[in-house]
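Novice:
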Amino acid sequence: GKTSLTLLGLGAMGTALARAWLAAGHPLTVWNRTPARAAALAAEGARVADDAAAAVAANPLVVVCLLDDASVDEVLAGADLAGRDLVNLTSGTPAQARARAEWARERGARYLDGGIMAVPPMIGVPEAGGHVLYSGSRELFERHRETLAVPAGTTYVGEDAGFAALYDVALLSAMYGMFAGAAHAFALIRTEDIDPTAFAPLLADWLVAMAPAVHQTAGQLRSGDYTEGVASDLAMQVAGVPTFLDTAEQQGVSTELLRPYFELMRRRLAEGSGAEGLTGVVDLLVR
Ligand code: NDP
């Protein structure tokens with residue numbers, strides 16, 4: 019039969035995870051601080067534990083999806099974790115994940131940390147392409163791989179429990195940079211009578227066309243040769259900077275999102291790296 023498991027935390031994400039496991043026929047024990055959310059799932063076949071400790075005792079595999087690291091502390095404080103396989107899908111920093119792994123080890127549990135690269139509507143919908151980054155106990159991951167793959171794809175990134183959080187934050191940081199660029203682009207077209215819905219397809223296609231540039235960056239970071247295959251060198255790109263700043267000024271758009279990146283490009287150029295592309299900016303950021 020299907021592996022039975024426990025899930026603590028029935029917020030938007032926890033509820034979506036619960037529904038995916040129930041729909042796939044996994045016996046599921048749930049607990050949530052606010053009982054009403056568990057009652058709704060009971061009607062769909064979940065067993066509802068009286069408290070968090072009882073939920074943990076119900077199954078060797080225990081998944082938690084709570085608001086933050088402090089809530090994990092509160093919820094698991096009274097539970098006996100000895101012999102449990104603890105999977106923590108609560109977002110946090112790499113340092114929190116590493117501390118939690120050590121905390122779990124001291125209590126006799128195996129530990130896997132997860133970073134969910136999906137929003138709740140993508141959970142249990144394989145076509146949506148959502149996945150969860152996992153790091154920590156490889157044994158735990160291998161043993162429960164099939165069960166973990168029910169709500170979303172699985173990507174194991176290493177034994178260091180902090181890596182899932184690090185990858186998660188890195189990916190989301192890149193996303194925010196992209197959103198920042200898109201905000202500036204929309205601000206520019208908002209200053210004229212341009213239909214944003216007509217502009218959006220051009221923007222989306224351009225971002226997609228540019229995305230593979232990260233492979234060149236990665237190759238250069240690995241080889242150490244930042245001039246490898248460069249089509250648009252830094253000298254040329256920095257020469258173009260006034261066009262971006264002047265256009266923004268002339269259209270009455272703030273340059274506050276663009277300036278920090280341009281400053282880094284200029285600093286790298288000033289160090290004599292005009293034949294490189296943009297990869298050198300990475301080195302300026304690492305302290
Ligand atoms: P919600 O705010 O919807 O739910 C939070 C959950 O944590 C609820 O079950 C809540 O219980 C519980 N909780 C909060 N504080 C405490 C506490 N002190 N003691 C006990 N339980 C507590 O958040 P989500 O479900 O959306 O998110 C859960 C995790 O998943 C977060 O770490 C989030 O970053 C991550 N995540 C969420 C995504 C999303 O799009 N939603 C995407 C990727 C990751 P109660 O019902 O009693 O309030």
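Numbered per the UniProt record's numbering, the sequence shown finishes at 305, counting up by one with no gaps.
Just so you know, even glycine gets a beta-carbon here, dropped at the ideal spot from N, CA and C.
Closest to E267 by CA distance: which of A249, L206, Y244 is it?
Specialist: The shortest C-alpha separation from E267 is found at L206.
Novice: Could you tell me the alpha carbon to alpha carbon distance between V299 and V226, rounded to whole angstroms?
Specialist: Between V299 and V226, the C-alpha separation is close to 21 Å.
Novice: Quick one: what's residue 307 bridged to in DSSP?
Specialist: Given that the chain is displayed from residue 19 to residue 305, the structure contains no residue 307 and the question cannot be resolved.
Novice: For D91, report the span of its alpha helix (DSSP H) as first-last.
Specialist: Run containing D91: 87-94, per the alpha helix (DSSP H) assignment.
Novice: Suppose only complete runs of 3+ residues qualify. What are the beta strand (DSSP E) ranges in the segment 146-204, listed by chain order?
Specialist: DSSP runs (the beta strand (DSSP E)) wholly in the segment 146-204: 149-154, 171-174.
Novice: Please return the same chain residues whose Cβ sits closer than 7 Å to the Cβ of residue 11, not counting the five positions on each side in sequence.
Specialist: Nothing about residue 11 can be read from this structure; the chain reaches only from 19 to 305.
Novice: Would a C-beta distance cut-off of 8 Å place V150 and T108 closer than the cut-off?
Specialist: No, the Cβ-Cβ distance between V150 and T108 is not below 8 Å.
Novice: With burial defined as no fewer than 16 other Cβ atoms inside 10 Å of the residue's Cβ, what is the status of R118: buried or exposed?
Specialist: Buried, because 16 or more other Cβ atoms sit within 10 Å of the Cβ of R118.
Novice: Let me know the secondary structure DSSP gives V259 once reduced to three states.
Specialist: Note: V259 maps to helix in three-state DSSP.
Novice: Which residues does DSSP pair with D251 in a beta bridge?
Specialist: None; D251 has no bridge partner.
Novice: I'd like the span of the beta strand (DSSP E) that includes V81, first residue to last.
Specialist: From DSSP, the beta strand (DSSP E) with V81 extends over 79-82.
Novice: Within the continuous beta strand (DSSP E) that includes V105, where are the two ends?
Specialist: Here the beta strand (DSSP E) through V105 covers 103-106.
Novice: Can you list, in chain order, the residues of its chain with a C-beta nearer than 7 Å to that of T172? Leave out the 5 residues immediately preceding and following it.
Specialist: Answer for T172: H149, V150, Y152, R163, L166, listed in chain order.
Novice: Indicate whether the contact test is met: 3 or more Cβ pairs, each with one atom in the segment 111-129 and one in the segment 86-102, closer than 8 Å.
Specialist: Enough Cβ pairs lie closer than 8 Å, so yes.
Novice: When the distance is taken between beta carbons, is A97 closer than 8 Å to G126?
Specialist: In this structure, A97 does not lie closer than 8 Å to G126 by Cβ.
Novice: Note down the Cα distance separating T21 from V168, rounded to an integer number of angstroms.
Specialist: Going by the C-alpha atoms only, they are around 11 Å apart.
Novice: What are the boundary residues of the beta strand (DSSP E) that D131 is part of?
Specialist: Per DSSP, D131 belongs to the beta strand (DSSP E) from 128-135.
Novice: Take G247 and list the residues in its own chain whose beta-carbon comes closer than 7 Å to its own, dropping the five residues that flank it on each side.
Specialist: Counting only Cβ-Cβ distances below 7 Å, and skipping sequence neighbours, we find Q234.
Novice: Report the three-state DSSP secondary structure of V66 (helix, strand or coil).
Specialist: DSSP places V66 in strand when its eight states are reduced to three.
Novice: Taking 8 Å as the threshold (C-beta atoms), are L46 and A58 in contact?
Specialist: Not closer than 8 Å, so no.
Novice: Take the Cβ of G180 as the centre, count every other Cβ of all protein chains shown within 10 Å, and call the residue buried at 16 or more, exposed below.
Specialist: Answer is buried; the Cβ neighbour count reaches 16.
Novice: Can you round the beta-carbon distance between R128 and L158 to whole angstroms, since I take them to be within the 8 Å contact cut?
Specialist: R128 to L158, Cβ: 4 Å. Contact.
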